[in-house]
Amino acid sequence: MSDVFERVKKIVVENLDVEADKVAESASFIDDLGADSLDLVELVMAFEEEFNIEIPDDVQENIRTVGDAVTHIKAHVS
Amino acid sequence: MFDLTGRTALVTGASGGIGSAIAKALSESGAKVALSGTREGVLEEVKATLPGESAIVTANLSDAESVDGLVGRAEEAIGPLDILVANAGITRDGLLMRMKDEDWDAVLNVNLGSYFRLAKSCMRGMMKRRHGRIIGITSIVGVTGNPGQANYCASKAGMIGFTKSLAQEVASRGITANCVAPGFIQSPMTDVLPDAQKEALLGQIPAGKLGQGGDIAGAVVYLSSDEAAYVTGQTLHVNGGMAMI
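Keeping their order, the protein sequence lines are chains A and B.
Going from the first sequence to my numbering is simple: count from 1 and add 466.
Going from the second sequence to my numbering is simple: count from 1 and add 4.
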C-alpha cells in the first residue's frame, strides 16, 4: 500500500520539481507544491500511465492533495 | 527555407484548393503528412503530388465520434502528431432572416466543433512531448464580417477566440496555437465569377490580384516551424492588403 504513495511521490517530485520531503500525504498540489491547473492535468496523466487506470474528469476535480491521489489510486488498482 | 524534417502533420480539408497546397508545402518542407478530406479520389491525386511520406485518413467532420478518432488514425499512419492544420470548412450562406437552424448548426459544428475536437485530441501527446503546433485556417470574414454569412463568420471568429485561449493554456509546454486568415484566394469558385464581379473584387485588394493556395501554405509552414516557436495566439492575415487588422 505504501508502495502507491512512493510511486506517486516519485511522479510528483519529477513533474513539479519539488523536494521529496515536501511531498507529504497532506500536501496540497497547488498551495504547498506550487502546481498550476495545467500541472495538475499533467500529473493525472502521469498517474494514469503509471498505474494503468483512468481517472474521470469529475474525480480529477476532487484530487487536491497527494493523499487524495493516493486514496483514489488505491481504490482503483487491483 | 523552414525545415520540417522529422515532423508530422495532419491536414483536414486536404482535398480542397487551399488544403492541398498546405499539404504539398508541408511535405516539401520535409514533414510527413496525413491527408484528411471528404473526396477520397481527390486525396489520392493530392497524395501522388507529395514528395515525402504521406497517408490518407478519412473522417466525417460532422460526426463527433468520427472526428474524435481522426487524430488517432493519423498517428497510427504517420506517428505522433507535431502539427495540426484544421483547414476543413463548409458554407451554408443565406441572410440571417432566412437562415435555418440546421444551416447554423452544420457550419458551427464542422468549422468550429471539429477544430475543438481535433485540437483536444492532440493535447495529451503534445503536452507530453513538450512540442506542438495547432493551426486553424480561419478567414478574413471572421474578423470583418460578411453579409449572408453570419454562420460562417461566427464559426471563423470562434476559431480565433478558441485559438487565443488554447495558446494561453499551453504556451508553457512548447505548444503554439495560431490562425491563418486567408482573404480571397483563387479557386474553382472564384474562377466562375462574372468579369464585372471579379473587377469589383480586385478593386478592394491593394495587391490587385487574388491570392493563391501557396500564399496560405507559406504562412502555415512558417507557423509550423521551430523559428515560429515564440509566435502564439496570433492570426496571420494573408489577403493582399484587403484588410489591415
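Yeah, the Cβ is synthetic: ideal placement off N, Cα and C, and Gly gets one too.
- Residue 41 of chain B is positioned such that its CB atom lies closer than 8 angstroms to that of residue 47 of chain B.
- With 16 or more neighbouring CB atoms inside 10 Å of its own CB, residue 125 of chain B falls in the buried class.
- Cα atoms of residue 222 of chain B and residue 26 of chain B: separation of roughly 8 angstroms, rounded to the nearest angstrom.
- 173, 174, 176, 177: these are the residues of the segment 165-181 of chain B whose beta carbon lies less than 8 angstroms from some beta carbon of chain A, given in chain order.
- The beta carbon of residue 499 of chain A sits no closer than 8 angstroms to any beta carbon of chain B.
- Annotation: residue 180 of chain B to residue 140 of chain B spans about 11 angstroms, alpha carbon to alpha carbon.
- CA-to-CA, the gap between residue 138 of chain B and residue 182 of chain B works out to about 6 angstroms.
- Taking 7 angstroms as the upper bound on Cβ-Cβ separation, chain B lies near residues 504, 508, 511 of the segment 502-527 of chain A.
- Residue-level contact by beta carbon holds for residue 128 of chain B and chain A, with a gap shorter than 8 angstroms.
- Among the bridge pairs identified by DSSP, residue 37 of chain B is matched with B/13, B/58.
- Legend: CB atoms of the segment 119-147 of chain B lying less than 8 angstroms from CB atoms of chain A belong to residues 128, 131, 132.
- Under the 8 angstroms Cβ criterion, the segment 114-125 of chain B counts as touching the segment 76-91 of chain B, having at least three qualifying pairs.
- Between residue 538 of chain A and residue 30 of chain B, the alpha-carbon positions lie close to 44 angstroms from each other.
- Here residue 53 of chain B has 28 as same chain residues with Cβ atoms under 7 angstroms from its own Cβ, once five neighbours each way along the sequence are excluded.
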